Structures are given as C-alpha cells and as structure tokens.
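Take a look at the structure set out below.
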Amino acid sequence: MNSKVIGRILLPLILLASLSACSNIEPWVKPYERDRLADPIMALDMHPVSSSYIQHVYEAREGARGGEGGAGGGCGCN
Amino acid sequence: MNVRRSIVVSLLALLATSGAQAGVLPEDRADILYHLYDGGGVEIDGPSVLVRKQVGKSTSIVANYYIDMVSSASIDVITTASPYKEERKQWSLGMDYLRGNTTMSVNYTSSVESDFDATTYSFAVSQDMFGDLTTLTLTYALGDDIVGNSSDPTFKRENDRQHYGVGLTQILTRNLIAALNFETITDEGFLNNPYRSVRYADAGSALGYSYEPELYPNTRTSNAIGLRAKYYLPYRAAIEGEYRFFTDTWGIDGNTASLSYIHPMGPWTFTAKYRYHDQTGADFFSDIFSRSEATNFRGRDKELSPLTSSTFKLAASYEFIGGAEGWRFIKKASVNASIDFLSVDYHEFKDLSTSAGFPNEPLYVLEADVFQLFFSFWY
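Rendered as structure tokens:
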C-alpha cells in the first residue's frame, strides 16, 4: 500500500527531475525580480536553531511527526 | 521496503548527475540559544549552539550542540512514578557539498540520555531547476535507538527508524514562494515507554482501578504531507500559512495549520504566529481498560489520546550589527526573544491528580510556556 502511494507521488517527480536535464522552461520570475524573495523576512526557515527546537517540543507532545523538514532524536518527553 | 529504497537511491543518483548551473550554499552563521519549557509540572531548559561555516568554494560544515535539562513532575510521573531530574545531550555534525545546481548533504546526530540513546544518519540531495525557480529535495535518514530503564541496568531494547522525504520548493510569483513536503517514517522495535502504565477497572482496588505496564505494537509507519506558502505583502512585511496532514498505522490522523505575520520596523522584526493541531487517538489508546490485558496492545500516553492543541507565539528580533559595513568579520548580528503559549486539551486522557474520584475525574488540560532567547551572527 505504502509503496503504491509513494510510487504514485515519486513517479511524477522522477519525470520532473528528468526534465531538468533539458531545462528549456523559461523562468517566469526573472533573477532581477527576486529582490523581495531575497529579503530575510521571506526565508522559509528564518532561524533554524529555533525552529528545530520548537519542532522537537511539538513532536514530544503530539502524536504527529514529519512533513516539516528534519528533526533530531531523543525523547525528553516524560 | 526494498522497492522504496531502490526508488530513493535511483532518484538520488539521477539528481546527482543532472544539472550544472549555480546553486548556493547556506549562509555562514552562528546561533547561541537558551530555551525554557515550563508547564504541566515539567521544566526543561538548556542551551543550543549552532555554527555553520563554508570551507573552500563548495563545502559548508554545520555543527550543533544541544542540552535538555529536565526536571519532571508531570501528570504521568505523579500518578504512577516519582519526580525525577535528568539531562539529554545532543550533538550533530553535517556537511553540504555544492556541485553545479546540486547540493548533497550528510548529517550525523547523537542524542544521549541516561536511559535512551538515539543515533541518526541522514542524507539529502537537493536540485535547483527551471531557472532556479524550483528546488527538489530528497532525504533519507536512518535512526538507531537504544531504550534503557533506569531501575534495571540489564534492560536494553532497540528501535530502528527510517525516514524518507521528498520536498519541492517553488517560486510562484515575485511575491510568493511555496513548499510541499512529504515524509514517511517507519519504526521497528521497542516503541513504548518502559516506565508508563495503563489503568484498568478493578473492583478489588480501593481506587476502583489498577495499573499494568503499557504495551505498544513493534512497528509504526507514518505519512505526513505539509504545504506552506509565504507571501510578501505590498508594504515590507510577510504572511505565511502552513498546513500538514498526518496519518499513521496506529490510527492517529492529524491536521495541523498555522498562520504567521512578520513585520520589520527599522532594526526590529516582530513575528506573531498562531498554530492549531487536532488529532484522533491511537486505536490501542484508552484512558481506562475494562480489565487487565483487555486488548493485545494498550497505551495510556496522553500524546496518543485524541487532542487539540493551540499555540500563540510572539517573537521579536533586534539587529544590533548590520548595514553595509558590519563590525570586523561580522556582517550582521541580532538578538531574538520569543514566547509560545501552548495549550493542549485532551479529549479522553483524564487528570488523576485531582480529588475527584473514579470515574468522575476531569479531562486533563496542559498549559505550558516556551521561552527562547538567542543571539545570531552572520559572517
């Protein structure tokens, strides 16, 4: 079941990755138009040291995990 | 499992050989953080130091040292055990190597407690494509945990973890960036907590119930898919939304959503965030079982109960070194403080510490404050 689900998600990604070898797609946001995206307030992870800590806090107190980037080991959850 | 591994390996190989444009390594920076968690009878504090430095033209090294100093008299501890103090130390070392548009990363993490050791090896390949508008990241991590028991030096159980992740970050417009992450995690081994108990109805007991050790399944597979998007507002500020769906083989389904607003003002940056999480309980969770060994698997961990949690966060950063000149070798530096007000409502897990007797105990509610103070330096 899981292999099927992963296959369904990964297959399009494989095709996507293969396309990169012949990347003729014109970038619709030009490099000189990315000044706002380069602003530090637009970083998806502005402070990695803080986000990995708070992610650990949630993982120890909720039943869910993953889907948000990397995580450390250990529990500290009693 | 083997099919999954071979797909991941072939994708890694494909990405490693494709593309030859210019990617970028993460910024050189160092962070020194103090964290404090206080709530539900538990106090956990300690430092975390994260240092990242580019070496040569194409390699970046990252190291992290983190400590949790735990002083616990939590609801689990006061009802079935004794308050305790302990320390968890974690360190990690990683390397990113950039070749053309491809970044390959390796990381080693070791976490040590008196009764729990966790070692994690992770690998990632990231590929920028389509004029650097798209970044595809594949991650694989292997974890080895050794679970001990402080009251039994001979007790030692293992747990193997595997993480498979695919991430896609996409620049959509000059104001909007989005990221989609999918992660599967499998566990195999000793997954319950050696100290925790379940309770079952027992007419022979004065309380009306008795305790027995919890017993979890030996395997768990979870899938999580997360989508986040960040938008640059017409004035200089940003808004970020995030949603995650989680499901696992224990019967837990979860929905998590958050909304953040980031507002810079001169050297200051203010952030406000609200996060909401709701989950169903594990199939083998029960606050009270009908009798001893009533089911094959049984747990009463509050994390496995149906629950709703909400967090309100306030954060402020002050840039005290910046501008075009910086100071000596430091380009930029900031001091940052944040507080998270966390509240968890458990829908089935009851609070046995109150005077209300069985079966009239109220549902447990956790209120906790999470405080962070850290300095960041870019060089």
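Chains as they are written, first to last, in this note's numbering: chain V, 1 to 78; chain E, 1001 to 1379. C-beta atoms are modelled at their ideal positions from N, C-alpha and C, and glycine is treated no differently. On a predicted model such as this, the values are computed, not experimentally measured, just so you know.
Where residue i falls, given that 16 or more other Cβ within 10 Å makes a residue buried
i	result
Phe-1289 of chain E	buried
Leu-1207 of chain E	exposed
Phe-1284 of chain E	buried
Lys-1053 of chain E	exposed
Met-88 of chain V	Absent from the structure is residue 88 of chain V, since the part of chain V shown begins at 1 and ends at 78.
Gly-1357 of chain E	exposed
Glu-1113 of chain E	buried
Tyr-1274 of chain E	exposed
Gly-73 of chain V	The predicted position of Gly-73 of chain V is uncertain, since its pLDDT is 38 and thus under 50; a value taken from the coordinates is nonetheless stated next. The residue is buried, with at least 16 neighbouring Cβ atoms inside 10 Å.
Gly-1266 of chain E	exposed
Asn-1296 of chain E	exposed
Ser-1122 of chain E	buried
Thr-1120 of chain E	buried
Asp-35 of chain V	exposed
Lys-1085 of chain E	exposed
Asp-1160 of chain E	exposed
Trp-1250 of chain E	buried
Phe-1312 of chain E	exposed
Gly-63 of chain V	buried
Arg-65 of chain V	buried
Gly-1204 of chain E	exposed
Ile-25 of chain V	exposed
Ala-1124 of chain E	buried
Gly-1056 of chain E	exposed
Leu-1307 of chain E	buried
Arg-1029 of chain E	buried
Thr-1354 of chain E	exposed
Gly-1323 of chain E	exposed
Arg-1099 of chain E	exposed
Which listed residue (the options) has its alpha carbon closest to that of residue i
i	options	result
Asn-1193 of chain E	E:Asn-1181, E:Thr-1184, E:Pro-1213, E:Tyr-1209	E:Pro-1213
Asp-1301 of chain E	E:Gly-1046, E:Met-1069, E:Thr-1079	E:Thr-1079
Asp-1287 of chain E	E:Gln-1279, E:Phe-1270, E:Ala-1272, E:Ser-1305	E:Ser-1305
Gln-1279 of chain E	E:Lys-1230, E:Tyr-1235, E:Gly-1323, E:Ala-1224	E:Ala-1224
Phe-1155 of chain E	E:Tyr-1195, E:Phe-1374, E:Gly-1094	E:Tyr-1195
Pro-1359 of chain E	E:Val-1365, E:Lys-1350, E:Thr-1308	E:Lys-1350
Arg-1236 of chain E	E:Pro-1264, E:Gly-1251, E:Ser-1210	E:Pro-1264
Tyr-1243 of chain E	E:Gly-1254, E:Tyr-1231, E:Gly-1251, E:Leu-1227	E:Leu-1227
Gln-1445 of chain E	E:Gly-1189, E:Asp-1128, E:Ser-1197	With chain E covering only 1001 through 1379, there is no way to say anything about residue 1445 of chain E.
Pro-1217 of chain E	E:Gly-1189, E:Glu-1240, E:Asp-1202, E:Lys-1230	E:Gly-1189
Val-1198 of chain E	E:Leu-1025, E:Ala-1118, E:Tyr-1211, E:Asp-1187	E:Tyr-1211
Ser-1338 of chain E	V:Gly-63, V:Glu-62, V:Gly-66, V:His-47	V:His-47
Ser-1074 of chain E	E:Ile-1067, E:Ala-1368, E:Tyr-1379, E:Asn-1101	E:Ala-1368
Ile-1185 of chain E	E:Gly-1148, E:Tyr-1140, E:Glu-1158	E:Tyr-1140
Leu-1142 of chain E	E:Val-1049, E:Phe-1245, E:Val-1166, E:Asp-1187	E:Asp-1187
Asp-1068 of chain E	E:Val-1055, E:Val-1077, E:Asp-1045, E:Ser-1060	E:Asp-1045
Ala-60 of chain V	E:Tyr-1209, E:Lys-1332, E:Tyr-1037	E:Tyr-1037
Ile-1374 of chain E	E:Ala-1229, E:Gly-1094, E:Glu-1319, E:Arg-1157	Correcting the residue identity first, residue 1374 of chain E is Phe in this sequence and not Ile. Of E:Ala-1229, E:Gly-1094, E:Glu-1319, E:Arg-1157, the residue nearest in Cα terms is E:Glu-1319.
Leu-1363 of chain E	E:Val-1370, E:Gln-1372, E:Phe-1371, E:Leu-1352	E:Leu-1352
Thr-1102 of chain E	E:Asp-1076, E:Tyr-1066, E:Ser-1058	E:Ser-1058
Leu-44 of chain V	E:Gly-1131, E:Asn-1181, E:Leu-1050	E:Asn-1181
Ser-1105 of chain E	E:Lys-1331, E:Leu-1025, E:Ala-1272	E:Leu-1025
Val-1365 of chain E	E:Asp-1345, E:Ser-1355, E:Phe-1377	E:Asp-1345
Val-1077 of chain E	E:Ser-1048, E:Gly-1041, E:Thr-1256	E:Gly-1041
Tyr-1066 of chain E	E:Ile-1032, E:Arg-1099, E:Gly-1094	E:Ile-1032
Identified DSSP bridge partners for residue i
i	result
Trp-1091 of chain E	E:Tyr-1065, E:Ser-1110
Pro-1047 of chain E	E:Tyr-1034
Lys-1331 of chain E	Paired residue(s): none; Lys-1331 of chain E is not in a bridge.
Ile-967 of chain E	The structure shown does not extend to residue 967 of chain E, since chain E is modelled only from 1001 through 1379, so no value can be given for it.
Arg-1298 of chain E	E:Leu-1215
Glu-1361 of chain E	Per DSSP, none; premise fails for Glu-1361 of chain E.
Thr-1184 of chain E	E:Tyr-1164, E:Asn-1223
Tyr-1140 of chain E	E:Phe-1123, E:Tyr-1164
Thr-1134 of chain E	E:Met-1129, E:Gln-1170
Glu-1367 of chain E	E:Ser-1343
Arg-1052 of chain E	E:Arg-1029, E:Val-1062
Asn-943 of chain E	Outside the displayed span of chain E (1001 to 1379) sits residue 943 of chain E, for which this structure offers no information.
Phe-1312 of chain E	E:Tyr-1274, E:Phe-1341
Ser-1105 of chain E	E:Asp-1096, E:Ala-1124
If contact means a Cβ-Cβ distance below 9 angstroms, which residues of the stretch 35-56 of chain V contact chain E?
For the stretch 35-56 of chain V, the set of positions with a beta-carbon nearer than 9 angstroms to some beta-carbon of chain E reads Asp-35, Arg-36, Leu-37, Asp-39, Pro-40, Ile-41, Met-42, Ala-43, Leu-44, Met-46, His-47, Pro-48, Val-49, Ser-50, Ser-52, Tyr-53, Ile-54, His-56 in chain order.
Uninterrupted beta strand (DSSP E) stretches inside the stretch 24-64 of chain V (no shorter than 3 residues):
none
Where the stretch 1256-1281 of chain E meets chain V: residues whose CB sits under 7 angstroms from a CB there:
Within the stretch 1256-1281 of chain E, the qualifying residues are Thr-1256, Ile-1262, Pro-1264, Thr-1269, His-1277, Gln-1279.
What runs of the beta strand (DSSP E), each 3 residues or longer, lie entirely inside the stretch 1201-1280 of chain E?
1209-1213, 1219-1232, 1238-1248, 1253-1265, 1268-1279
Using a Cβ-Cβ cutoff of 9 angstroms, what residues of the stretch 1307-1322 of chain E are near chain V? List them in chain order.
Within the stretch 1307-1322 of chain E, the residues whose Cβ lies closer than 9 angstroms to some Cβ of chain V are Leu-1307, Ser-1309, Thr-1311, Lys-1313, Ala-1315, Ser-1317, listed in chain order.
Could you please tell me which residues of the stretch 1343-1363 of chain E, in chain order, have their CB closer than 8 angstroms to any CB of chain V?
Val-1344
Give, in chain order, every residue of the stretch 1216-1235 of chain E whose Cβ lies closer than 8 angstroms to some Cβ of chain V.
Thr-1221, Ser-1222, Asn-1223, Ala-1224, Ile-1225, Gly-1226, Arg-1228, Lys-1230, Tyr-1232
Taking Cβ-Cβ distances below 9 angstroms as the criterion, which residues of the stretch 1365-1376 of chain E are in contact with chain V?
Leu-1366, Ala-1368, Val-1370, Gln-1372, Phe-1374, Ser-1376
Please list the residues of the stretch 1129-1142 of chain E that have a C-beta atom closer than 9 angstroms to any C-beta atom in chain V, keeping them in chain order.
Met-1129, Phe-1130, Gly-1131, Asp-1132, Leu-1133, Thr-1134, Leu-1136, Leu-1138, Thr-1139, Ala-1141
Counting only Cβ-Cβ distances shorter than 9 angstroms, please list the residues of the stretch 1191-1214 of chain E near chain V, keeping chain order.
Asn-1193, Tyr-1195, Arg-1196
Near-chain V residues of the stretch 1324-1342 of chain E - C-beta to any C-beta below 8 angstroms:
Asn-1336, Ser-1338, Asp-1340, Leu-1342
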